[in-house]
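Number of protein chains: 4
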Amino acid sequence: MSFNNESYDKTRLDEVVDKLVRGELKMHEADKVLGNSNAGALARRLALERMYGVSLSSIGSTILDFEELVGRNIENPIGAIQVPVGVVGPLRVEGEYAHGEYYVPLATTEGALVASINRGAKAITLSGGARTRVVRDGMARAPLFWTPSIVDAVKFVEWVRDNIEGIRRAAESTTRHGKLVEVQPFIAGNLVWLRMVYSTGDAMGMNMATIASDAAARYILENYPGKASLVALSGNMCTDKKATAVNILLGRGKTVIAEALIKRDVVLKVLKATPEDIDYVAKAKNLLGSAYAGALGGFNAHVANIIAAIFIATGQDVAQVVESSMAFTWTEIRGDGDLYISVTLPSLEVGTVGGGTRLPTQREALELLGVAGGGEPPGVNARKFAEIIAATVLAGELNLLAALAANELAQAHKRLGRGGVRQG
Amino acid sequence: MSFNNESYDKTRLDEVVDKLVRGELKMHEADKVLGNSNAGALARRLALERMYGVSLSSIGSTILDFEELVGRNIENPIGAIQVPVGVVGPLRVEGEYAHGEYYVPLATTEGALVASINRGAKAITLSGGARTRVVRDGMARAPLFWTPSIVDAVKFVEWVRDNIEGIRRAAESTTRHGKLVEVQPFIAGNLVWLRMVYSTGDAMGMNMATIASDAAARYILENYPGKASLVALSGNMCTDKKATAVNILLGRGKTVIAEALIKRDVVLKVLKATPEDIDYVAKAKNLLGSAYAGALGGFNAHVANIIAAIFIATGQDVAQVVESSMAFTWTEIRGDGDLYISVTLPSLEVGTVGGGTRLPTQREALELLGVAGGGEPPGVNARKFAEIIAATVLAGELNLLAALAANELAQAHKRLGRGGVRQG
Amino acid sequence: MSFNNESYDKTRLDEVVDKLVRGELKMHEADKVLGNSNAGALARRLALERMYGVSLSSIGSTILDFEELVGRNIENPIGAIQVPVGVVGPLRVEGEYAHGEYYVPLATTEGALVASINRGAKAITLSGGARTRVVRDGMARAPLFWTPSIVDAVKFVEWVRDNIEGIRRAAESTTRHGKLVEVQPFIAGNLVWLRMVYSTGDAMGMNMATIASDAAARYILENYPGKASLVALSGNMCTDKKATAVNILLGRGKTVIAEALIKRDVVLKVLKATPEDIDYVAKAKNLLGSAYAGALGGFNAHVANIIAAIFIATGQDVAQVVESSMAFTWTEIRGDGDLYISVTLPSLEVGTVGGGTRLPTQREALELLGVAGGGEPPGVNARKFAEIIAATVLAGELNLLAALAANELAQAHKRLGRGGVRQG
Amino acid sequence: MSFNNESYDKTRLDEVVDKLVRGELKMHEADKVLGNSNAGALARRLALERMYGVSLSSIGSTILDFEELVGRNIENPIGAIQVPVGVVGPLRVEGEYAHGEYYVPLATTEGALVASINRGAKAITLSGGARTRVVRDGMARAPLFWTPSIVDAVKFVEWVRDNIEGIRRAAESTTRHGKLVEVQPFIAGNLVWLRMVYSTGDAMGMNMATIASDAAARYILENYPGKASLVALSGNMCTDKKATAVNILLGRGKTVIAEALIKRDVVLKVLKATPEDIDYVAKAKNLLGSAYAGALGGFNAHVANIIAAIFIATGQDVAQVVESSMAFTWTEIRGDGDLYISVTLPSLEVGTVGGGTRLPTQREALELLGVAGGGEPPGVNARKFAEIIAATVLAGELNLLAALAANELAQAHKRLGRGGVRQG
C-alpha cells in the first residue's frame, strides 16, 4: 500500500477514526475527508478495531493501492484478504488457442485440491495432453419489457426484428470491442425478454453488455411506436449468477470443451484405478446420481472446485462460478481399453481485461498463463484462457473419479473378496 | 511470510530453482528438498518466473506462512492472491443468534457491489433491522452403493434402518462434534444412495461428514450380510458444489431466512423507487423470468454476489457458492404501503472453524463479525454467521430490485409521459 | 346408454334443443329440464350438431349411462370418446404383490406402440420376468399458509408439530381409508407449505387427500393461537400434474421399481442388438442427452407412452401422466454379457377404486389385471397394479433402446465397415 | 364394429380362441389366421375372458373398425375404452386463426373438471373473450451422433452447416408437407446432437420429423467424409414426452399464448373472489410454490388437466401431455382493478391430421371445433386448434385460481375477522 501510518498526519487520522467510531462520519466518507483512499481504508480499519475490540492487522497488510481501486473494484475498503495460491502442472493443452504446457494457478484454502488436480494433470500430460475447443462465445443481457397485451408483445418483437440495425448501432455506440451478435426474443403473455448477445473481445463483458443493452433499450423505447416500458434491464433470462437452462442451451460466455484419451496403463499406474471402474462411477454418480438429485447442469464430480480456484486467482467475477461450473463429464472405454474423458462447460464466463484482472496479484496469475490483457485480434486471450481452464477442469474430474473408484472399490474388494465387484 | 530471501542459503535455492526449470525436480518436491515450505514457495515462484519470463513478485508479497498451510489448505504454493475487502454497514440484524449492528466484510473486485449493498443495509437498518431464522441445519454426504438387484437394494435399506445404531457409532467415532442425525435412503434400480446428514457444530462440516460417512460405509460393508459394494463415497445426492433440488428440499448446511418490513417512506427516499414497482420487478424478473430461463434455485436478483464476497472474505469453501446462493426472494405490499421482503437460502454451507477460517486475514474477518472459532455450545457461531449472511443478502436483493425498478421505470416514465407505466 | 331417442318425449327434447341452439338455455341446464342426464347429453349433442353443422353420432354411440356419471365423472356430457385398446403380453412379473403372467391393456392411437412393447415383454418373460418393488407409497397435498413474518412462520410450524394429533384426527375424520402419515413443512420467508402425506388404500387418493387437508387446514386455522391464513389449499408443493423434484425426492403415489436381467442370447435374438450397444444408447441418450436438454425426471426413452396408454385404459387421472412418467432407466452389463435394466418411477399415482376406475370399460381393464376394486388389506390392489405398470414400462424401455441401438448402428456399420462403431 | 359374432364362422373362431388360451397361437396372430382384425379382436377378447375369468363385454361394445386401425393406430386390439366427453362453452376466442365462440370437448373422468372450466370460460367470454397468438411453430427430432473427438465433432457440425441444402433435400424427400426449417447443433465432448426442426402443416408431425430425420441422418453418414456414426435417431434433445428446458426455450410444436382482461365486477360476481386475492395466489402458488418444489415448466395451477382432456377427446398423442402442459400463468392488476391473466404454453404439440385424429369419435370432436383435417394453407387448422386449446387452458387457470382464493380466503376471513387477510 502506497499509504502508511508514518507518512500521514496522525492527528487528522485520529479525528476521523473518532468520528467513525461515534457514528458522526459514515464509513464511506473517510476517503473524502482524508483526501486519500488508502488513508480512508486505514481509518475504517482502526475504527472497526476499536468499535469491535478486534485486530485487523493482517487484513491491513496488503500491497493494494486503494487510490487505484476505489470505485473501480471496491468501496469502503479496509485492506485485503490473502488467499494462498498453488500451481498445477505441467498440464499439456492442445487447443485451438492454447498450445503447450502450463502451470495453472489455483487460489484455494481447501487442502489436497491442488495436489489432486495435479495427479489428473500428470495423467493427461502423459497421454499427450488435453484437446480443447471453444464452440460458442457471447455474453448475454436480457432486458425485460412490459407491453399491454400479447398482441402488442408480438408487434413489439416484430418491430425489434425490423429495426435491428438501429438497435445495434445504439448498443455498439457504447463500446469499442463489443458487437451485438443476436437478439433472442422470449414472450410470456404480455411480457417480452430480449436476450441480447454480444461478442466482447477479451473482456468477460457483462458490464459491456449491460451498458450496451441499456442504450439499446432506450433506443427501443424512444423509437417503438407502440406502448411498451422497461420492467428491468436484467430480466433473469440473461442469466447472470444463477444456474439456468438458457445458459446451457444458448450459452453465456464461452462454451468450451476439453477431452483426453488416457492410455490404459497410465490410468492403472498413475490413477490407480481401472478405466471400467472410472467409467462406471462417472455414469452412476455424475449422470444418474445428479439426475436423481434434481441437478441442473451439475452432471460432473467437482468442477466448481477448479473454477472457483482459478477465478479467485485470476480476478474473475467469482459469483459467476455458479453458472461457469455447470458441466457435463462424459467417459467412454475405447477399443483397446483406454479411457476417453471429456468435460463440456456450456457457460464459462471469463476475461483477461477489465474487472479484477488488473489487480496486481491477479494480473500476475494471468501473465503466468500468457493471457494477461487484450489479445490480437481481440478475444484470443480470453479463448486461450477458457481452453486452459477447461483442461484443468478435465484434470480435476479425471482424478476425483479415479480416486472415488479406487478407494471405494478397494473397500468393496476387501469385503467381497473377488475381482468383479459390480457384477451380480 | 516468516521466510525471506536473505535468511536463506541462496546457493541451495538457486540449485533447486535450476532443477525445477529443467524439469529435474517436480514442483511439489521443492518443499522437501529445501526443508521448508516457504522456501519451496519461493523456489517455485522463481522457477516459474524464469520459465515463463514473468514477474510474480506481487503474488510473492504475502503474510502467509506456508509452513502452517501446506497440506492443510494448499499445495504447491507460490504466494497469495490479494482480494480487496470492503465493509457494508451498519446492518442491524435481529435474529435468534445475531443481535445488533454489524459491519460485514465483502471481498470482491466488482466495483459498486459494496456500495449498492450498503444502500440496502441502510434501508433495512432504518426500518428496524432484518429478522433472521435458521430453520434447518445439517451437512450431508451420500455414499452410493451397488447391489445385485432391487430385491437386494430393498433388503440393504432395511438392514441399514435396523442397524442405524451401529452405523451411527462407526460414523461418530471419527469426529468430536459431528453427530449423525439422519440417513435418507434413495433407491434407483439396484443402486442405493444413503444420504447421511450430520450436525457439525461450528464447522461447515463437509470433511467431517465425508470421513464419518467413510467409516459408516465401511461398517455397513463389513456387517451387511448380503451382497453390496461401494461405488463412490459421494454419489452426487449429497450434493456438493452443484445446484440440485435435493439441497433445496432437504437442505445442506443451514436453511436460513432473512426478512424486513421496509417503511414506505424509506423505500421512496433511500431506495428511490415505489414499493409497488419493486414488488412488480421481484415477481416478473425473479420468479417468472427465472422460471422461463429454466432456473433451479435461482429465483432471486443477485444473491451469488453477496455470498461469493463473504465466502472469500471469511475463508469459506468458495466452490460452495453454487448451492449456497440458491435463494428465493419474495416481496409483499403490506396494508399501509410498506414493502415486505424476504430471502430464503435453503442450502447455506458455512463454518467458523476449520478450512480457510484459520488463515490470518479470513480469521480477522470472522472476528469482525464476532463469530470466529468455535462457539459455546458448538454451532452457535456458525448459525449467527449464517444469520448475518442472510441479512446481508437481503440488503443486496432489496437494493438491486429497487435500482432496477427506479432506473428502468424512469426511462419508461420519460417515454410514456404518465404515472402508471405498467397499467394498460 | 340406457337412454335412447325412441323412449323419450321427442317434442320436449326438440324444445330443449331449440332453446340450447338459441342460447335461451345453458348447456348444463338440459339435464335438469329433461330430468335425465342421458336425455341432456342427447339434447346437447343435437344442439351442437345443429349449431355447428356437424355430426356427432359416433360420440353419441356409447354404452355409458350418464345418469351414473354426471357430477361424479363428467359434466355437460355429449357422449364418449372411444380409444382403441390392445394388449401386451404375456408379461411375467415377479413382484411383491404381482406374480404371474399378465396381458396389459393399453389404450392408444399411436401405431406400433403395443407391438413394440410386446417385443420387450417377450424378452423379459423369456428371461424369467421382471422383478418389481414398491418402495414408497403416499399421496400428498400441500396447503399454503400466510403468516406475518418468519418469526411467526417458525412458531406456526412448531405449533403444527406439537399439535399433530389434533390435526391428524381432523384430517382422518373425513375419510375411511386415508391415514395422515406425515406432515412435511417448508418455509419461504413468511409463507409456509405443509405437505401432508396420506396412505390412501387402493385409491389414488388425491381427492381424499384434498378433503382431508381441507379439514386439517380448518383445524389449524381454528386452533392456532397466532396469526395465519390459508392462501391456497394446494400450494404446488404437493405437486399435482407438474414435473417437480419434490415428487422425485419425497415421492407422490407409489415409488416403484422394475428390473430384469436379460440373457445375452435373448438380447441378440429377440431384440436384435448387443447389450453393449443398448447400454451405450441408454447412457448417451437417456442420461447425457436428457441432462443436456435440461430434463427434470425425464431420464428415460419413452416411459410416458406406456403410462398414458395404461392410464386411459384403466380410468386413471390422465393429467397425472406428467409426474407419473418421470423415470430413471438404468442399464449394466453383467459379468457374462447379460443386460441388466431397471426403471425407477418415483411418483406413480394410481388407484383401483374411485375416479374413472368405476366406468365400465375401464373397470374391465382393471379386472383383466386382477386388480379391480378394493383389495384386502386395502392397498394391495393398487400396489399390485403399480408393479404391473412398472414392468410394462420396463418392457417399453428395453425395446425402444434396442430398436434405436440396432437400427442406427446398422447404418453406422454400413458406413464405417467395421465391427466397433464407437471405438476411436 | 363392422364385424360381429353372428356373421362369422363360429367354429373357426372357437378354434382360434382355444389355441390362444392354450398358448399355441400368439395374440397378434389371431388377425392373420382369421383373416380379419375385428375377428382377431373378438378372439383375443374371448380368449382373455376365458383365461382370466373376466368379462370384457363393455370393451367389446365399440363402433371401431379394427380393419381400419390395426397397424396404423393399434395392435392386438380387443375393443375400445370409452371416456365420457363433456363440453365447455361458449368460449369466445379472438386469435389470429380462431375467431368466435366455441364449445370445447373434454374427455375426462374427473368430476367437476368440465364445470369448473366452464365457469372460467364464462368469465372470459363475458369480458370479451381470450386473445391468442401462436408465436412459434415447429416439430423437432434430434438424432445423436458419435464422433471420435471434439476436433471431429466440431468438423462434423461445420460440415453439416456447409451441406445443409443436401441434408434438407434428403429430409424433405420423405414428406409432402414437412419442411426442414433449422438444424440446431449441440456438442458434448465427442457427441453431437442435431436438433432438426420442421414445419409440418396440420400434422403434429412427430412421425414426419422422425422419418425425415432418418433420411437426413443417412445422407449425413453417407456423405460426411470424416468418421461419425449414429448412436440413436432420437437423442432426447428433441425432446419427446419429457419435461425439458429445451422445449421451453426453443419450442416444440406450437408456442401459444392466451390472455384475457377480466373486468373487476365479473371477477367478483362470476368468480367470487377479488382480483387481488387471485393475483396473490397466482404468484405465491404458481410461481414461488413451484419454484420451491423444483418445477420445470410447471408454473401454473392445473394446465395438464385441460390438455389431457382435450388430447383424449381429439385424438392427440396423449403421452405428449407431459411437455404440452408446461405453462406459465401470469396475472396483473390493471389500473382500474381489472384482472389481467395470461397463460403461455411453450411446447404444445397438436395436429388435426394423422395419428388418432382420423378415428371416428376423435374426428367429430375436431369437427365440432371446425378444425378437422388439413387446412388451406396447410397449418392453419392446427394453429387454430392450438389457439382454442390455449384459451380453454386460460379458462381453467382463471377458475381454479379464483376457487382457491375464494374458498381458502373465506376460511381465513372467518378466522381473522377482518378485511385484509394477508396484511401484517
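Chains as they are written, first to last, in this note's numbering: chain X, 3 to 426; chain A, 3 to 426; chain F, 3 to 426; chain U, 3 to 426.
Even glycine gets a Cβ: it sits at the ideal position worked out from N, Cα and C.
Give the DSSP-derived three-state secondary structure of residue i in the structure shown.
{"i": "X/His179", "result": "coil"}
{"i": "A/Thr394", "result": "helix"}
{"i": "X/Met141", "result": "strand"}
{"i": "U/Ile259", "result": "strand"}
{"i": "A/Ile2", "result": "The structure shown has nothing for residue 2 of chain A, since chain A only spans 3 to 426."}
{"i": "X/Gln318", "result": "coil"}
{"i": "A/His30", "result": "helix"}
{"i": "F/Arg336", "result": "coil"}
Please list, in chain order, all residues of the same chain as residue i whose beta carbon is under 6 Å from its beta carbon, the five residues on each side excluded.
{"i": "F/Ala311", "result": "Leu108, Ala109, Thr110"}
{"i": "F/Trp195", "result": "Ala144, Leu146, Phe188, Gly237, Met239"}
{"i": "U/Met210", "result": "Thr177, Gly180, Thr202"}
{"i": "A/Arg133", "result": "Glu96, Glu261"}
{"i": "X/Thr316", "result": "Gln364, Ala367, Leu368"}
On the criterion of 16 or more Cβ atoms from any shown chain inside 10 Å, does residue i qualify as buried, or is it exposed?
{"i": "U/Asp338", "result": "exposed"}
{"i": "U/Arg135", "result": "buried"}
{"i": "F/Asn75", "result": "buried"}
{"i": "A/Lys271", "result": "exposed"}
{"i": "A/Lys34", "result": "exposed"}
{"i": "F/Ser175", "result": "exposed"}
{"i": "A/Pro150", "result": "buried"}
{"i": "X/Arg121", "result": "buried"}
Report, in whole angstroms, the separation of the C-beta atoms of residue i and residue j, which I expect to be a contact under 8 Å.
{"i": "U/Val183", "j": "U/Gly131", "result": "With 8 Å as the limit, U/Val183 and U/Gly131 do not qualify as a contact, their Cβ atoms being about 31 Å apart."}
{"i": "F/Val85", "j": "F/Leu93", "result": "About 21 Å; that fails the 8 Å criterion."}
{"i": "U/Val95", "j": "U/Gly88", "result": "Wrong, their Cβ atoms sit about 19 Å apart, outside the cutoff."}
Return yes when the Cβ of residue j is within less than 8 Å of the Cβ of residue i, no when it is not.
{"i": "A/Val324", "j": "X/Val320", "result": "no"}
{"i": "U/Ile390", "j": "U/Ala100", "result": "yes"}
{"i": "F/Ala179", "j": "F/Ala205", "result": "The residue asked about is misnamed: residue 179 of chain F is His in this sequence, not Ala. Contact flag set, yes."}
{"i": "X/Ile152", "j": "A/Glu366", "result": "no"}
{"i": "A/Arg336", "j": "A/Leu263", "result": "yes"}
{"i": "F/Ala306", "j": "U/Lys243", "result": "yes"}
{"i": "A/Leu370", "j": "X/Val56", "result": "yes"}
Please list, in chain order, all residues of the same chain as residue i whose beta carbon is under 7 Å from its beta carbon, the five residues on each side excluded.
{"i": "U/Leu252", "result": "Gln186"}
{"i": "A/Ala275", "result": "Val269, Ala404, Ala407, Ala408"}
{"i": "X/Thr394", "result": "Val90, Leu93, Val106, Ile119, Ile308, Ile312"}
{"i": "X/Leu22", "result": "Met29, Ala32, Ala45, Arg46, Ala49"}
{"i": "X/Ala123", "result": "Val90, Gly91, Leu93, Ala397"}
{"i": "A/Thr333", "result": "Ile280, Asp281, Ala284, Leu341, Tyr342, Ile343"}
For residue i, which residues of its own chain have a beta-carbon under 8 Å away from its beta-carbon, when the five flanking residues on both sides are left out?
{"i": "U/Leu66", "result": "Met3, Pro79, Gly81, Ala82, Leu361, Pro362"}
{"i": "F/Arg266", "result": "Pro277, Asp338, Gly339, Asp340, Leu341"}
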